[in-house]
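Student: In the numbering used here, the protein residues as written are 5 to 179.
Where is the CB? At the ideal position from N, CA and C, for every residue including glycine.
In this text, all values refer to a predicted model and were calculated from it rather than measured experimentally.
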C-alpha cells in the first residue's frame with residue numbers, strides 16, 4: 005500500500021434477531037450510513053445450525069456456545085425473528101469505521117451513543133444481545149463474507165473467483 009493511502013476494505017455486518025425484534029433496522033442502518041461506506045451486498049438469512057457453528061467456530065469451546073448458536077438462529081426470539089439481515093459494506097477503513105459505530109461487543113462497555121451501547125443488553129444467561137455483528141479484522145471479514153455470501157450476491161468483485169462447472173444441482177426456482 006502506498007504511503008498515506010487509506011485502505012479500501014469490506015466488512016460483514018449482521019443485524020441479529022434481537023435487533024429485528026426491537027424494530028431497530030432503520031436506526032441501525034441510519035447510524036451505519038454515518039460511516040460513508042457503500043453497501044455491496046444485502047440479504048435476509050434464516051440461519052442454519054451449520055452456518056451458525058461455522059460463523060462462531062472460534063467460540064466452540066466456550067460454555068455459552070450452545071446458547072449463542074440458539075441466539076443467532078433466532079430461537080430465543082421466535083417467529084418472525086428467526087433470521088438476520090446480512091450486509092457487506094465497502095470503503096476506506098470500513099472495518100474500523102463500522103466497529104466504532106457498532107461499539108464494544110459487551111453492551112455495558114459500549115459507548116452509549118454506539119449501536120450496542122444504545123440498544124444492546126446482557127441476558128440473565130450471560131449472552132450479549134448486542135443487536136449487530138461486524139467483522140473485527142480483514143482476515144475475519146474475508147472468512148465471514150465468503151461464508152455468508154456467494155460471489156454473485158455482491159455487486160462488486162472483492163476477492164478472486166473462478167468459474168466451475170457443476171453436476172446438475174437441485175434448486176428451488178419460481179414456478
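On the DSSP bridge list, what partners appear for residue 125?
Tutor: Residue 125 is bridged to 133.
Student: Please state whether DSSP places residue 77 in a helix, a strand or coil.
Tutor: Of the three classes helix, strand and coil, the one that applies to residue 77 here is coil, per DSSP.
Student: Are the CB atoms of residue 88 and residue 51 within a distance shorter than 8 Å?
Tutor: In this structure, residue 88 lies closer than 8 Å to residue 51 by Cβ.
Student: Within 7 Å: the Cβ of residue 173 and any heavy atom of the ligand ZN?
Tutor: Within the structure as shown, the ligand ZN is missing, as the structure has no ligands at all.
Student: Determine the DSSP secondary structure at residue 44, reduced to helix, strand or coil.
Tutor: If DSSP states are grouped into helix, strand and coil, residue 44 belongs with the strands.
Student: In this structure, does DSSP put residue 95 in helix, strand or coil?
Tutor: Correct three-state label for residue 95: strand.
Student: Under 8 Å, do residue 49 and residue 152 count as touching if we go by C-beta distance?
Tutor: Yes, Cβ-Cβ distance for residue 49 and residue 152 is below 8 Å.
Student: I need the straight-line Cα distance from residue 142 to residue 176, nearest angstrom please.
Tutor: Rounded to the nearest angstrom, the two C-alpha atoms are 34 Å apart.
Student: So what does DSSP say about residue 162, is it helix, strand or coil?
Tutor: Coil at residue 162, not helix or strand.
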